[in-house]
Amino acid sequence: MAVWVVIPAAGMGRRMGSETSKQFLQLGGRPILAHTLDLFERHSAIDHLVLVVPAREQELCRQQVVGPGGYRKLRAMVDGGVERQDSVRLGLRACLAADDDLVLIHDGVRPLFDAALIEPLLAAARETGGAIVGVPVKDTVKVVEDSLIAGTPRRDRLWLAQTPQAFPFAVIREAHERALADGHVGTDDASLVERLGRPVAVVRGDYRNIKITTPEDLILAEALLAAQEV
Ligand code: C5P
């Protein structure tokens, strides 16, 4: 049974406010996406990588991220879509996976994921039929409508969903194709599996696994990376 990783890295990064797409910005002197790819290239449980990058940035990606050494496990680099969900679906379609192979989906802009969580995540995905990495929220969360609080959900049940999210190939492929057919757009992959009535487990991750989205995230990521290297 093989393990595939689909890495969506086809976002425009508008919230970063920079000319360069955020996955190509430098972190510790290398593109963010190179750090992310290294996590999986180096891990013995991972067999194949599929990278989703806009067609117009694929040459840049080959030069600046893949480089002359290349990534031994990289099987395909495919164009992305309008929404993250479209990009993941296109990445899944490029996986030459068997139904019971596991697929891990991981944002290209989460370079600080702790690879020690890959094994527990894969084990949970095998046992439950799907698993994601997440952390409990630290703040109180409010539901707000028209600048007024409409509700305060109990904090002890609230978790932040991170990536990687791992599923058997047949499950995640069906979830994505059904979402497309139904015109449903979710903000993560697990939610597409949840809407099929299937269980998804949560493996407790860590708060350093930030998604680099806005300029302050990059400052934080530099500090977290420097702390890792001490
Ligand atoms: O936009 P967001 O921060 O949620 O993006 C999370 C990940 O999904 C990023 O790695 C981004 O490049 C990717 N993405 C994508 N295709 C899109 C939008 C986002 O691959 N259309």
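Note that my numbering numbers the sequence shown so that position 94 is 75, with each residue one more than the last.
Glycine included, C-beta positions come from ideal geometry on N, C-alpha and C.
Based on the DSSP output, what are the partners of P149 in its beta bridges? L83
Since I believe L6 is in contact with I13 (beta carbons under 8 Å), could you give me their beta-carbon distance rounded to a whole number of angstroms? 6 Å
State the Cα-Cα distance for the pair A104 and L129, rounded to the nearest angstrom. 43 Å
Beta-ladder partner(s) of V33, from DSSP: P(-11) and V59
Let me know the secondary structure DSSP gives R159 once reduced to three states. helix
Label K123 either buried or exposed according to how many other C-beta atoms from any shown protein chain fall within 10 Å of its C-beta, with 16 as the threshold for buried. exposed
Distance between V(-16) and A26 (C-alpha atoms, nearest Å): 7 Å
Are there any heavy atoms of the ligand C5P lying less than 7 Å away from the beta-carbon of R37, as far as the coordinates show? no
Between the CA atoms of A75 and I99 - distance to the nearest angstrom: 22 Å
With C-beta atoms as the reference, is G110 less than 8 Å away from R179? yes
Can you tell me whether E64 sits near the ligand C5P, meaning its C-beta is under 7 Å from at least one heavy atom of the ligand? yes
Since I113 sits in a beta bridge, which residues does DSSP pair it with? Q146 and V183
Endpoints, the beta strand (DSSP E) within which L129 is located: L129 to G132
What does the Cβ neighbour count give for H165, buried or exposed, with the cut at 16 atoms within 10 Å? exposed
Chain-order list of residues whose beta-carbon lies under 6 Å from that of Q143 (same chain, five-residue window excluded): V114, G115, G186 and N190
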